[in-house]
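Structure first, then comments.
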Amino acid sequence: DMGHITHTLTNRRWMEKVVAYGESHDQAIVGDKTLAFWLMDAEMYTGMSIFTSPQPSLCVDRGLALHKMIRILVSGLGGEGYLNFMGNEFGHPEWIDF
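Below, the structure written as structure tokens:
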């Protein structure tokens, strides 16, 4: 329900600064599956290569499309800032310590 999603992302005190994020890396902050894993699960590792499978994975295509929509909603309605995880998906060979 879009009304519930919009209410959840905008329900905060007046003028309160908020940073929003959607987890997309292998390790979720809360120790559970990340958003990408809930959408694509193990297919994220096996179905993303065009070299190993000539047919695109429907699960990965749908998961990436939903993930992009979730990120645009979170960045648009989530607050004054957007937290982006910097990890191996940006080509960093080592872990980044915060």
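Numbered by our numbering, the letters in the sequence shown go through residues 584 to 681 in order. Every residue, glycine too, gets a C-beta built ideally from N, C-alpha and C.
Within a 10 Å sphere around the beta-carbon of Val-602 sit fewer than 16 other beta-carbons, which makes this residue exposed. If you check the CB distance, Gly-605 and Val-643 do not come in under 7 angstroms. Here Leu-641 is exposed. Its C-beta has fewer than 16 other C-beta atoms within 10 Å. Within the same chain, Lys-600, Val-601, Val-602 come within 8 angstroms of Glu-663 by CB-CB distance, once the 5 residues on both sides are set aside.
Met-652 counts as exposed, since fewer than 16 other beta carbons sit within 10 angstroms of its beta carbon.
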